[in-house]
Amino acid sequence: MLLQAAAPVYYLHAKSQETPDPTGAGVGEARSMMIGFIGLGAMGARMVHNLVDADLEVVIHDLDRGRGYAFEERGATWAESTDELGRQCDVVFTSLPGPQQMREVAFDDRGLLSSLRSGAAWFDLTTNAPSTVREVSAAALERGIHVLDAPVSGRPDGARTGKLAIYVGGDAAVFESFKPLLDKMGDRVMYVGEVGAGNTAKLMHNAASISIRATIAEVMSLGVKAGMSPDTLWSALRQGAIGRARTFDSIGRRYLQEAYEPPSFALALADKDLRLALELADELDVPMSIARAAQADYREARERGWGDRDSQSSLALQNERAGVEIRLTDDQVERILAEG
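Here the numbering used here = 1-based position in the sequence shown + 504.
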């Protein structure tokens, strides 16, 4: 039977203060909220630093016992096993290598689902498969436990300074209850939808990042082979229209609103520029697979008669292939851009 676990209500205080009984069963003996953290790797350790710095009650566990000593010296409590940690905690954070490890932490005989009390919350900070998080969440709800995916975007130095984006998917009320705690670890904490949406957002971010960097490598290698010094080329690219803009800002008033007329930069002109770049690549024998894929889309768009529309109109072909409609209002775009 699926339990409809009520969202817990917590108040974030330091060790020296007390909170109401977090089980939701009524007013119980006042005590501090117990926070568990599993996974003290490059990212996890730095996030734990921020929780400990906030003088919170933190219980830690990692497969490498040596990673815990420095935190114990600063007041954290070491748990010898996952279930020992789970029995003590009201909320648990995990920072793990991937889906297999989350399943192990969840479903092992001494895992979190066997030890967390009903009403507890588990935030998985791992970059994970949305299907895995949904699988674990469904099993957890049968025990009255809330699982939310909360992958982070940022590097280890950002984790230590709290400069992280955290994309959270799951129960909105549970998210609001624990947002003050998440704010201790990241400066851009966002609720993005149902469980699994957090990792969908993170994976899309990383796929874009990887693809954009591959494109940068293509144009840098071509420009250098064409005779430019890499420092001069890099400087020139940074000062161009795209170089000065935040990449995702530039699509707001065109692609995301299907507003391609009148054009800011006509597709026919963009196609000409790309063709010239690829002719140069042919002359110098430089492979440009990503740019050639973009050129194929430009050709198809021109064949459809879109040459006088804005160059971003070629992006609509991907929506068509995926069978999705993407269209925001001007107000929606302005609101998101205003967030900074």
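For each residue, glycine too, the CB sits at the ideal point set by N, CA and C. Nothing here was measured: the structure is a model prediction, and the numbers come from that model.
{"Asked": "Would you check if the stretch 751-771 and the stretch 827-843 touch, i.e. whether three or more CB-CB distances between them fall below 8 angstroms?", "Found": "yes"}
{"Asked": "Would you call the CB atoms of Val562 and Ala580 closer than 8 angstroms?", "Found": "yes"}
{"Asked": "Can you give the beta carbon distance from Asn703 to Asp653, rounded, assuming they're within the 8 angstroms contact cut?", "Found": "5 angstroms"}
{"Asked": "For Gly530, I'd like the list of residues in its chain whose CB is within less than 8 angstroms of its CB, leaving aside the five on either flank, ordered along the chain.", "Found": "Only weak support exists for where Gly530 lies, its pLDDT of 36 falling under 50; the coordinates are left without a value."}
{"Asked": "Give, in chain order, every unbroken run of the beta strand (DSSP E) that is at least 3 residues long and sits entirely within the stretch 626-660.", "Found": "650-653"}
{"Asked": "Less than 6 angstroms between C-beta atoms, sequence neighbours within five positions excluded: which residues of the same chain meet that for Asp691?", "Found": "Gly666 and Lys667"}
{"Asked": "Look at Ile794 and Glu698 and say whether their C-beta atoms are less than 8 angstroms apart.", "Found": "no"}
{"Asked": "Less than 8 angstroms between C-beta atoms, sequence neighbours within five positions excluded: which residues of the same chain meet that for Glu804?", "Found": "Ser818 and Leu821"}
{"Asked": "Answer yes or no: do Met689 and Asn823 have a C-beta to C-beta separation smaller than 8 angstroms?", "Found": "no"}
{"Asked": "Any chance the stretch 633-645 sits against the stretch 583-594, with 3 or more Cβ pairs inside 8 angstroms?", "Found": "no"}
{"Asked": "Whole-angstrom Cβ separation of Gly658 and Ala701, contact assumed at under 8 angstroms?", "Found": "Their Cβ separation, rounded to whole angstroms, is 19 angstroms, which puts Gly658 and Ala701 out of contact at 8 angstroms."}
{"Asked": "Run through the stretch 671-731 for me and flag every whole beta strand (DSSP E) of 3 or more residues, listed as ranges in chain order.", "Found": "692-697"}
{"Asked": "Residues bridged to Ile542 by DSSP?", "Found": "His565 and Thr598"}
{"Asked": "Using DSSP's beta-bridge definition, name the partner residues of Asp814.", "Found": "Ala770"}
{"Asked": "Just checking my contact of Tyr695 with Phe679 at CB under 8 angstroms: how many whole Å lie between their CB atoms?", "Found": "5 angstroms"}
{"Asked": "For Arg825, is the classification buried or exposed, using 16 other Cβ atoms within 10 angstroms of its Cβ as the cut-off for buried?", "Found": "exposed"}
{"Asked": "Flag this pair as yes or no: are the beta carbons of Val556 and Arg571 separated by less than 8 angstroms?", "Found": "no"}
{"Asked": "Along the chain, where does the alpha helix (DSSP H) containing Glu824 start, and where does it finish?", "Found": "Ala820 to Ala826"}
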